[in-house]
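Visitor: Sequence positions in the sequence shown follow our numbering and run 752 to 1106.
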Amino acid sequence: MALQIGIVGLPNVGKSTLFRALTKKQVDCANFPFCTIDPNVGVVSVPDERLEKLAKRSNSGKIIPAAVEFVDIAGLVRGASKGEGLGNKFLQNIREVDAIIHVVRVFADPNVIHVENRVDPKSDIATIDIELALADLAVVDKAITRVNSLLKSGTSREAELESKMLARIKEALGKGVPARSLEYNEDELALLKLLQLLTAKPVLFVANVDEAEASKTPDLGIKDPILPLCVKIEAELAELPKEEAKEYLTTMGLSMTGLDRLIAAGYELLNLISYFTSGEMETRAWTITRGFKAPKAAGVIHTDFERTFIRAEIIDWKDFVELGETGAKEAGKLRIEGKDYVMRDGDVAHFRVGA
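(1) Please work out which residues of its chain come closer than 7 Å, Cβ to Cβ, to residue 999, disregarding the five sequence neighbours upstream and downstream, and give them in chain order.
(2) What is the DSSP secondary structure of residue 1081, counted as helix, strand or coil?
(3) Looking only at its chain, what residues have a beta carbon closer than 6 Å to the beta carbon of residue 781, apart from the 5 residues adjacent to it on each side?
(4) Count Cβ pairs between the region 806-815 and the region 1030-1045 that sit closer than 8 Å; are there 3 or more?
(5) When burial is assigned at 16 or more other CB atoms within 10 Å of the CB, is residue 1076 buried or exposed?
(6) By the 10 Å Cβ neighbour count, where 16 or more other Cβ atoms means buried, how is residue 1025 classified, buried or exposed?
(7) For residue 754 versus residue 1017, is the C-beta spacing smaller than 8 Å?
(8) Counting beta carbon pairs with one atom in the region 907-925 and one in the region 933-942, are three or more of them shorter than 8 Å?
(9) Return the chain-ordered ranges of every beta strand (DSSP E) run that is complete within the region 966-1017 and spans a minimum of 3 residues.
(10) In this structure, how does DSSP classify residue 849 when only helix, strand and coil are distinguished?
(11) May I ask which residues mark the beginning and end of the alpha helix (DSSP H) holding residue 936?
(12) Evaluate the contact criterion for the region 992-1012 versus the region 1061-1070: three or more CB pairs, one atom per stretch, below 8 Å.
(13) Going by DSSP in three states, residue 923 sits in which element: helix, strand or coil?
(14) In whole angstroms, give me the CA-to-CA distance for residue 1054 and residue 1063.
(15) What whole-angstrom Cβ distance do residue 979 and residue 954 have, given they're in contact under 8 Å?
(16) Could I get the ranges of all uninterrupted beta strand (DSSP E) runs contained in the region 874-901, with 3 residues as the minimum, in chain order?
(17) Can you pull the DSSP bridge partners for residue 1062?
(18) List the endpoints of the continuous beta strand (DSSP E) containing residue 820.
(19) Could you check if residue 974 is buried or exposed, using at least 16 other CB atoms within 10 Å of its CB as the buried criterion?
(20) Please classify residue 811: does DSSP put it in a helix, a strand, or coil?
(21) Who are the Cβ neighbours of residue 1044 in its own chain at under 8 Å, not counting the five residues just before and after it?
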């Protein structure tokens, strides 16, 4: 599955610069609001050191990593839910992503204009949260009208369940509580997905900090995960050769680039893992949701594989690298798993399917 993450925030907080650093794709980073008119999309490889090791063991012809898609969505402003700035268009772009990176400006630089003429990250977060909540309230009110009509006609069994869920969400949003903070059962989750609520999406806050604060997590007064990142450093790293970038990170006291940390955080945010297929033709990473059983994981390769699944031959990636497929089998490290097997991160899988 392709992981799509939308990058949002107020204008001039570092969104487009972060996007350029992550994807090495040049975008307009002019020092004024709305320099990004349409969402910029960049597809980048998910860094995974296991792939090269597996490919070397299999003497693979090529390596195909998992991919993540970043969408740079132009800056929101106060009143976006009512169409201020380019609000309506941008809000729709956010609805289409799997998760949100909310970039918050923490750094101080008089040469970079702030849309509200002050650096106050907690206030900035509140501004965006209010606009997203107001946009969701409009969606929920519309859904309530639709569901009430169904309840009167008695034509939908799901209407009563949805009505109660919508009432809970509306109450929460009215109190400034995002939809993602509520608990849902399996049926409600299916209904929630159809609504595409902005505040229901998982959020990772990226605190754009000064160079000296790159390894410190600031207090933003929120419960959602926070990743401190100096976007300026990431922009510089993106222009350096690999070895020089590694040395630069060491001097800054960092072990991973911002991209690596963002991908890891994004996977954790969406509860994703990777399994592998490896042979002479290719070594490939496949992204699945944690908890997927073997047939569903096979279906990621080809939809028919889930239906025709027979069994899975599984080797832990470390055993595969050490022994190879044949050696792992001879050493008893290859396991035969059935339809109820829950895939693990790092599994090297060979699926047996029928016609």
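The beta-carbon is built from N, C-alpha and C at its ideal position, and this holds for glycine as well.
Guide: This is what the structure holds:
(1) 988, 991
(2) helix
(3) Confidence in residue 781 is poor, its pLDDT being 48 and thus under 50, which makes the residue's placement unreliable; the coordinate value appears in the next sentence. So no residue of the chain qualifies.
(4) yes
(5) buried
(6) buried
(7) yes
(8) yes
(9) 977-980
(10) coil
(11) No alpha helix (DSSP H) contains residue 936, which DSSP labels as neither H nor E.
(12) no
(13) helix
(14) 16 Å
(15) About 16 Å separates the two Cβ atoms, so there is no contact after all.
(16) none
(17) 1103
(18) 818-823
(19) exposed
(20) coil
(21) 1090, 1091, 1092, 1093, 1094
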